[in-house]
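Read top to bottom, the protein sequences are chains A and B. Whatever position you read off the first sequence (first residue = 1), add 1 for my numbering. Whatever position you read off the second sequence (first residue = 1), add 1 for my numbering. Here is the structure we will look at.
There are 2 protein chains.
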Amino acid sequence: VTSRDFLDMQIEEFIISSEKVAHVQVGNSAEHALLVLTKTGYSSVPVLDFKYRLKGLVSTQMITDAILGLDHIEYERLPDIKVDDVMQSPVPTIHINEKFKKGLDLLINHPFLCVVDDEETFIGILTRRVVLKQLKKHIYQ
Amino acid sequence: VTSRDFLDMQIEEFIISSEKVAHVQVGNSAEHALLVLTKTGYSSVPVLDFKYRLKGLVSTQMITDAILGLDHIEYERLPDIKVDDVMQSPVPTIHINEKFKKGLDLLINHPFLCVVDDEETFIGILTRRVVLKQLKKHIYQ
Ligand SMILES: Nc1ncnc2c1ncn2[C@@H]1O[C@@H]2COP(=O)(O)O[C@H]3[C@@H](O)[C@H](n4cnc5c(N)ncnc54)O[C@@H]3COP(=O)(O)O[C@H]2[C@H]1O
Ligand SMILES: Nc1ncnc2c1ncn2[C@@H]1O[C@@H]2COP(=O)(O)O[C@H]3[C@@H](O)[C@H](n4cnc5c(N)ncnc54)O[C@@H]3COP(=O)(O)O[C@H]2[C@H]1O
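Shown next as structure tokens:
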């Protein structure tokens with residue numbers, strides 16, 4: 002692979018597959034989502050439905066924002082808030098058949114992209130880290 | 002600038018200078034830090050001392066982690082915890098005289114780097130977004 006050809010490579014081999022991606026489900030509470038985020042250490046994760054279709058993204062940011070009261074952070078409300086109410090959608094996505102250069106372009110403005118197929122099934126994620134690693138590898142040739 | 006020369010460019014022109022960087026100060030409470038993070042929308046920011054020297058990094062992650070009690074998130078403790086107790090140090094840094102390719106290399110494992118001089122003065126940050134933008138620009142030539 003020459004240093005220009007890799008731009009036309011399929012993103013498939015660079016994807017972190019869905020079973021390795023921390024996520025939460027629609028219907029979960031914001032409290033549960035905050036625990037998943039804190040324990041996994043990720044700042045933002047996908048929200049999926051029971052068919053593993055992509056429904057949104059949730060971050061610690063969005064959760065804290067939702068409970069920022071006038072004089073204190075209203076953590077007592079967390080169990081009563083659904084992740085559906087705080088998540089962001091649509092989600093920055095990329096189709097499984099796209100090429101590396103499209104991934105690079107979209108990752109300028111997003112730390113990661115959710116990879117989907119024609120049925121909107123969540124296949125995995127493409128991250129800035131993986132793309133930067135590839136760029137470093139090919140750029141010196 | 003040819004597509005190989007840009008790797009040897011100084012990082013200086015790619016830095017977001019310190020006055021544009023959201024940060025907190027040593028001695029601030031974790032509650033104040035959480036408010037700064039939530040309001041600015043950044044997941045992680047530098048912690049500086051009164052002489053603008055770099056002392057650590059603080060993220061929403063680190064704060065929530067510190068108050069994860071056995072059966073509920075202990076938000077009432079936030080005003081009593083100092084950012085000094087939860088911040089991470091040392092900080093991923095890069096010297097002002099380094100080149101773009103060094104920045105690319107370090108940003109594989111860190112979303113941003115703090116730029117410092119010989120006196121450990123905080124000069125600004127170098128982010129993945131800026132580096133990806135440059136890579137896209139030069140890689141097609
Ligand atoms: N457990 C860990 N081990 C090693 N390094 C870690 C790590 N957690 C975070 N990092 C480092 O910090 C960067 C930012 O992570 P963040 O959680 O804010 O942002 C992450 C997170 O929101 C999401 N992400 C990455 N891997 C994930 C996974 N397995 N499950 C769910 N979300 C993931 O994609 C964003 C960008 O990830 P990226 O790898 O480019 O960049 C990561 C990686 O370089
Ligand atoms: N207000 C905003 N406007 C437009 N896009 C925004 C934004 N806030 C976040 N983003 C986008 O989300 C990415 C991750 O932001 P995060 O806050 O997790 O992670 C950020 C944050 O921890 C830090 N950072 C960036 N700019 C900062 C600033 N002005 N002050 C303090 N920290 C900053 O560097 C990390 C990487 O930033 P990067 O630009 O590569 O990547 C940013 C950017 O692409």
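Glycine included, every Cβ here is placed at the ideal spot set by N, Cα and C.
Expressed to the nearest angstrom, what Euclidean distance is found between the alpha-carbon atoms of residue i and residue j?
i: G104/B; j: L8/B; result: 9 Å
i: T61/A; j: R78/A; result: 15 Å
i: A34/A; j: A34/B; result: 21 Å
i: E75/B; j: T39/A; result: 14 Å
i: D66/B; j: P112/A; result: 22 Å
i: D6/B; j: I109/B; result: 20 Å
i: I97/A; j: V92/B; result: 36 Å
i: E14/B; j: V59/B; result: 26 Å
i: Y141/B; j: Y141/A; result: 14 Å
With a threshold of 6 Å on Cβ separation, who are the neighbours of residue i within its own chain once the five nearest residues in sequence on each side are excluded?
i: I16/A; result: V116, G125, L127
i: V37/B; result: V25
Can you tell which of the options has its C-alpha closest to the C-alpha of residue i?
i: S90/B; options: R78/B, L35/B, M63/B, D106/B; result: M63/B
i: M88/A; options: V37/A, A31/A, Q135/A; result: A31/A
i: L114/B; options: F123/B, I95/B, I140/B; result: I95/B
i: D119/B; options: Y141/B, Q135/B, R54/B; result: R54/B
i: S18/B; options: K138/B, P47/B, V59/B, M10/B; result: P47/B
i: G28/A; options: G57/A, Y141/A, Q135/A; result: G57/A
i: L107/B; options: L136/A, E13/A, V59/A; result: L136/A
What residues in its chain sit with their C-beta under 7 Å from that of residue i, if we drop five residues either side in the sequence?
i: T122/A; result: Y53, R54
Going by the C-beta, is residue i closer than 7 Å to any heavy atom of ligand 3?
i: A34/A; result: Because ligand 3 does not appear in the structure shown, any question about it cannot be addressed here, the ligands present being ligand 1 and ligand 2.
Between which residues of its own chain and residue i is the CB-CB distance below 8 Å, once the five residues before and five after are set aside?
i: D50/A; result: Q26, V27, K56
i: I12/B; result: I95, I97, E99, K100, F101, K103, G104, V116, L127
**Request:** Take every Cβ of the region 68 to 78 of chain B, pair it with every Cβ of the region 125 to 135 of chain A, and state whether three or more of those distances are shorter than 8 Å.
**Result:** no
**Prompt:** Are the region 77 to 96 of chain B and the region 91 to 102 of chain A touching by the rule of at least three beta carbon pairs closer than 8 Å?
**Reply:** no
**Prompt:** With contact counted as at least three CB pairs below 8 Å, one residue from each stretch, are the region 43 to 60 of chain A and the region 19 to 28 of chain A in contact?
**Reply:** yes
**Prompt:** Between the region 104 to 133 of chain B and chain A, which residues of the former have CB atoms less than 8 Å from a CB of the latter, in chain order?
**Reply:** L105, D106, L108, I109, N110, P112, R129, R130, V132, L133
**Item:** Residues within the region 22 to 45 of chain A neighbouring chain B, beta-carbon criterion of under 7 Å
**Value:** L35, T39, G42, S44
**Chain-ordered residues of the region 58 to 76 of chain B with a beta carbon less than 7 Å from chain A** = T61, Q62, T65, D66, L69, I74, Y76
**Item:** Members of the region 78 to 103 of chain A that neighbour chain B once the beta carbon cut-off is set at 7 Å
**Value:** none
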